[in-house]
Amino acid sequence: MRTMGRWLVMLVLALLPAWAAAEDGAELWLRYRPLSQAARSQLQRRAAAIVAPAPASPTVLAAVAELQRGVAGLAGREPALSQKIASGALLLATPASRPELGPQLQELGAEGWLLRSTRLQGREVTLIAANTDIGLLYGSFAWLRAAQTGADLARLDLHSAPRIALRLLNHWDNLDRTVERGYAGQSLWDWWKLPDIRDARYVDYARANASLGLNGTVLNNVNAKAESLTAPFLAKAAALADVFRPWGIKVWLSARFSAPVELGGLKTADPLDPAVRAWWRAKADEIYRVIPDFGGFLVKANSEGQPGPQDYGRSHADGANMLADAVAPHGGAVLWRAFVYAHENVDDRAKQAFAEFQPLDGQFAANVIVQVKNGPIDFQPREPFHPLFGAMPKTPLALELQITKEYLGFSTHLAYLGPLFEEVLQADTGRAGTVARSVRAIAGVANIGTDRNWCGSQFDQANWYAFGRMAWDPDLGARAVAQDWAAQTFTTRPAARDAIVELMLMSREAVVDYMTPLGLHHLMGTGHHHGPAPWVDNLERPDWNPTYYHRADRGGIGFDRSPTGSNAVAQYAPPLARLWADPRTTPSELLLWFHHLPWNYAMPSGRTLWAELIAHYDRGVAAVADMRRRWAMLQPDVDAARHAEVAAYLAVQEREARWWRDACIAYFQSVSGLPLPEGVRPPEHELSFYKALRFGFAPGRGG
Ligand code: GCW
Numbered sequence: 000m001r002t003m004g005r006w007l008v009m010l011v012l013a014l015l016p017a018w019a020a021a022e023d024g025a026e027l028w029l030r031y032r033p034l035s036q037a038a039r040s041q042l043q044r045r046a047a048a049i050v051a052p053a054p055a056s057p058t059v060l061a062a063v064a065e066l067q068r069g070v071a072g073l074a075g076r077e078p079a080l081s082q083k084i085a086s087g088a089l090l091l092a093t094p095a096s097r098p099e100l101g102p103q104l105q106e107l108g109a110e111g112w113l114l115r116s117t118r119l120q121g122r123e124v125t126l127i128a129a130n131t132d133i134g135l136l137y138g139s140f141a142w143l144r145a146a147q148t149g150a151d152l153a154r155l156d157l158h159s160a161p162r163i164a165l166r167l168l169n170h171w172d173n174l175d176r177t178v179e180r181g182y183a184g185q186s187l188w189d190w191w192k193l194p195d196i197r198d199a200r201y202v203d204y205a206r207a208n209a210s211l212g213l214n215g216t217v218l219n220n221v222n223a224k225a226e227s228l229t230a231p232f233l234a235k236a237a238a239l240a241d242v243f244r245p246w247g248i249k250v251w252l253s254a255r256f257s258a259p260v261e262l263g264g265l266k267t268a269d270p271l272d273p274a275v276r277a278w279w280r281a282k283a284d285e286i287y288r289v290i291p292d293f294g295g296f297l298v299k300a301n302s303e304g305q306p307g308p309q310d311y312g313r314s315h316a317d318g319a320n321m322l323a324d325a326v327a328p329h330g331g332a333v334l335w336r337a338f339v340y341a342h343e344n345v346d347d348r349a350k351q352a353f354a355e356f357q358p359l360d361g362q363f364a365a366n367v368i369v370q371v372k373n374g375p376i377d378f379q380p381r382e383p384f385h386p387l388f389g390a391m392p393k394t395p396l397a398l399e400l401q402i403t404k405e406y407l408g409f410s411t412h413l414a415y416l417g418p419l420f421e422e423v424l425q426a427d428t429g430r431a432g433t434v435a436r437s438v439r440a441i442a443g444v445a446n447i448g449t450d451r452n453w454c455g456s457q458f459d460q461a462n463w464y465a466f467g468r469m470a471w472d473p474d475l476g477a478r479a480v481a482q483d484w485a486a487q488t489f490t491t492r493p494a495a496r497d498a499i500v501e502l503m504l505m506s507r508e509a510v511v512d513y514m515t516p517l518g519l520h521h522l523m524g525t526g527h528h529h530g531p532a533p534w535v536d537n538l539e540r541p542d543w544n545p546t547y548y549h550r551a552d553r554g555g556i557g558f559d560r561s562p563t564g565s566n567a568v569a570q571y572a573p574p575l576a577r578l579w580a581d582p583r584t585t586p587s588e589l590l591l592w593f594h595h596l597p598w599n600y601a602m603p604s605g606r607t608l609w610a611e612l613i614a615h616y617d618r619g620v621a622a623v624a625d626m627r628r629r630w631a632m633l634q635p636d637v638d639a640a641r642h643a644e645v646a647a648y649l650a651v652q653e654r655e656a657r658w659w660r661d662a663c664i665a666y667f668q669s670v671s672g673l674p675l676p677e678g679v680r681p682p683e684h685e686l687s688f689y690k691a692l693r694f695g696f697a698p699g700r701g702g
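For the record, in the sequence shown the residue sitting at position 320 is 319 according to numbering that gives the first Met the number 0, with numbers rising by one throughout.
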């Protein structure tokens with residue numbers, strides 16, 4: 000018996016390292032696994048103790064706790080909290096605790112930070128300095144990131160301040176915990192148990208966001224229920240706001256425009272009606288009583304069936320200004336979405352938001368921000384940037400990106416969105432510099448849910464991460480962000496890290512190629528948006544039909560948005576409009592977005608358009624096969640559980656990439672009537688096979 004016991008103990012001890020190392024993605028990029036021996040020694044020397052301003056605010060306590068946790072994990076020794084400046088101290092300081100720092104920090108604003116290895120009172124210390132406590136928290140995360148990604152901690156001299164003031168997640172989470180376009184389980188917000196029960200994950204959510212520098216979150220779906228503005232739900236939102244506050248994250252709510260009717264019993268929600276205005280003012284006062292730092296409202300109005308000011312013959316400015324008026328006394332803001340299109344309007348859907356909003360420039364209250372999706376249609380794998388960017392100089396704008404991959408293969412396809420975000424942020428509007436320079440706020444539709452790995456797949460975490468990092472610094476670049484993420488999430492070994500980065504960087508273009516190459520868009524299945532359905536032409540609204548977007552017929556393919564067609568190009572700055580008006584000067588990535596061209600149109604490659612299209616589909620499928628090979632080679636470098644999980648997802652992706660390719664080629668061939676070019680593999684099935692596929696329970700439809 001005794002021997003048995005001893006054996007058991009030995010067995011457990013032998014297994015422990017494996018358990019300790021078991022990875023499921025739950026820790027995101029904040030894993031803090033031990034560094035190499037050399038890096039650990041350096042870290043132990045550089046983080047022997049932490050000196051923080053006293054008395055410490057909850058935010059400073061959070062920063063200290065994160066530093067302790069991080070150093071303990073990375074270096075194996077937890078730094079003690081001390082009041083004495085000794086060699087190897089991490090010194091957290093603001094001008095309030097060390098007035099002499101003031102001048103150095105002027106440029107950093109309320110959220111920026113400075114990291115510097117320096118000498119103080121003859122001791123070698125690392126200064127983490129900021130104007131505010133929240134800046135210290137961001138600086139602490141930045142220092143931990145530097146430590147993790149191999150920076151020379153003896154020679155640190157970094158500083159950073161966010162370029163974009165408001166950096167928000169938008170949750171499309173419903174009150175029943177379904178998530179519209181969510182592929183990562185249920186909503187994190189357990190509305191039923193709130194406000195009494197505060198799930199521990201709320202803190203981890205806030206930590207993760209703070210580690211990226213995000214400073215706000217809209218809790219509920221833009222397709223909003225009025226109930227979220229009732230007292231019981233405000234108490235729940237307030238509980239979340241309390242949890243998030245130390246992490247610098249403000250709570251916002253989506254507001255249903257007709258709430259005064261539904262909750263207040265008023266006859267109208269007309270924004271010019273005094274009773275309606277009074278109702279919203281009282282509602283705002285009530286919200287600020289329970290959430291004193293409430294960010295404000297996000298509104299989807301007169302879009303896809305949502306109520307709005309136009310129901311009463313008023314403009315979007317009238318509606319937005321009324322809400323802005325209600326939150327203004329409290330310092331709040333209104334994010335008013337520009338995602339509008341009406342099927343009664345026969346004009347090109349891509350033109351409608353601009354046509355509606357641009358003439359309103361100058362009519363919005365100062366605390367209204369118009370929130371514009373990255374492209375003029377709807378979060379497609381590739382779109383040109385939205386023409387409203389740079390075109391409303393008197394109105395602050397927000398850029399809305401979609402982190403959840405509604406149109407890029409849900410969470411089962413690996414598509415790193417860094418390159419997509421970079422493409423939009425760096426697009427030159429020709430009017431007000433780049434898109435990044437032209438916006439005051441940035442919002443990302445969250446991909447977060449109750450899945451153990453938060454995002455539905457390991458690699459989808461990178462998209463949350465990239466959104467946050469690029470919201471803080473739009474000039475970082477997709478590659479640099481991927482390098483940090485891969486080092487923090489998978490491995491700090493440079494060769495393996497770089498191999499992961501290469502795989503990530505090719506992934507988005509692969510999706511474009513196998514789904515919607517050459518500027519095609521909106522070809523996916525009805526409602527759930529899963530899989531290809533370019534043949535669909537019978538939906539109640541013409542502008543929901545894929546055939547509306549690709550316009551393929553015997554003669555050719557593509558949407559003519561040049562001056563001979565809808566002339567959507569005219570909404571862009573004149574030099575761009577000229578470029579995109581001519582197929583010969585339109586980049587091939589956007590060719591069929593702006594032009595309807597004959598199948599035998601000669602592409603720069605020397606191929607016909609038909610052959611080029613097929614080549615792109617093939618390239619997309621080949622890229623996924625290549626991604627699988629690359630991932631397989633990384634087996635020795637990645638823990639077994641996550642390696643196997645990603646490999647399984649990639650197998651699904653390859654199968655579905657083939658499906659997209661085959662179904663689209665089968666359909667377009669049925670329309671063009673052309674033979675497949677020499678050597679091209681025919682689709683696996685007849686077109687009728689693909690048309691008959693149904694996905695009744697596809698995720699993400701919401702409640
Ligand atoms: O992308 C589309 C989605 C809808 C979404 C809408 C929007 C929240 O298919 O699910 O609704 O856009 O952005 O309002």
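Every residue gets a Cβ at the ideal spot worked out from N, C-alpha and C, and that includes glycine.
Take residue i and list the residues in its own chain whose beta-carbon comes closer than 6 Å to its own, dropping the five residues that flank it on each side.
i, result
"P698", "Y182"
"I441", "I163, R166, L398 and A470"
"P516", "H615"
"Q305", "K299"
"N169", "V217, A442 and V444"
"H329", "Y287"
Quick test of your reading: residue i and residue j, contact by CB under 8 Å. State the CB separation rounded to the nearest angstrom.
i, j, result
"L119", "L113", "That pair is no contact at about 14 Å."
"N130", "T93", "6 Å"
"V70", "L29", "Going by Cβ atoms, the distance from V70 to L29 rounds to 13 Å, so no, they are not a contact pair."
"T337", "F356", "A small correction: the amino acid at residue 337 is Ala; Thr does not occupy that position in the sequence shown. Sure, about 5 Å apart at Cβ, within 8 Å."
"S116", "L155", "5 Å"
"A237", "P270", "So it is not a contact: roughly 26 Å between Cβ atoms."
"P473", "A435", "4 Å"
Count the other CB atoms within 10 Å of the CB of residue i; is the residue buried (16 or more) or exposed (fewer)?
i, result
"N373", "buried"
"Q147", "buried"
"A51", "buried"
"Q457", "buried"
"H521", "buried"
"W703", "Because the chain here runs from 0 to 702, residue 703 falls outside it and cannot be looked at."
"G554", "exposed"
"K350", "buried"
"R680", "exposed"
"T488", "buried"
"F694", "exposed"
"M632", "exposed"
"E106", "exposed"
By Cβ distance below 7 Å, which residues in the same chain neighbour residue i in space, the five residues on each side in sequence not counted?
i, result
"G476", "E421"
"A576", "V568 and A569"
Output the distance between the C-alpha atoms of residue i and residue j, rounded to the nearest integer angstrom.
i, j, result
"R700", "G605", "43 Å"
"L654", "R618", "Strictly speaking, residue 654 in this sequence is Arg, with Leu absent from that position. Approximately 14 Å, taken between the alpha carbons."
"A17", "A639", "Residue placement at A17 cannot be trusted, given a pLDDT of 43 that sits under 50; what the coordinates show is reported in the next sentence. About 10 Å."
"H684", "Y547", "25 Å"
"S437", "P291", "29 Å"
"L135", "A74", "21 Å"
"F558", "P586", "15 Å"
"V480", "R496", "12 Å"
"R255", "T411", "32 Å"
"R381", "W592", "10 Å"
"G312", "R280", "22 Å"
"S86", "E123", "5 Å"
"K690", "D172", "31 Å"
Within a Cβ cutoff of 8 Å, which residues of the same chain sit near residue i, ignoring the five residues on either side of it in sequence?
i, result
"M505", "A622, D625 and M626"
"S671", "A551, R553, I556, W598 and W609"
Does the beta carbon of residue i come closer than 7 Å to any beta carbon on chain B?
i, result
"H170", "Of the protein chains in this structure there is only one, and it is not chain B."
Every unbroken beta strand (DSSP E) inside the stretch 204–274 [3 residues or more]: Unbroken beta strand (DSSP E) runs of no fewer than 3 residues, entirely contained in the stretch 204–274, are found at 215–217 and 249–253, following chain order.
Any alpha helix (DSSP H) of 4 or more consecutive residues that is wholly inside the stretch 512–564: As far as the stretch 512–564 is concerned, its whole alpha helix (DSSP H) runs of at least 4 residues are 545–549.
In chain order, each alpha helix (DSSP H) run of at least 4 residues that lies wholly inside the stretch 97–183: If one requires a minimum length of 4 residues, the alpha helix (DSSP H) runs lying completely within the stretch 97–183 are 132–147, in chain order.
Residue ranges of each beta strand (DSSP E) within the stretch 15–68, 3 or longer: For the stretch 15–68, whole beta strand (DSSP E) runs of length 3 or above, ordered along the chain, are 48–50.
Whole alpha helix (DSSP H) elements within the stretch 561–601, 4-residue minimum: Uninterrupted alpha helix (DSSP H) stretches at least 4 residues long and entirely within the stretch 561–601 occur at 573–580 and 590–593, given in chain order.
Inside the stretch 293–319 only - beta strand (DSSP E) runs reaching at least 3 residues: Fully contained in the stretch 293–319 are the following beta strand (DSSP E) runs of length 3 or more, in chain order: 295–298.
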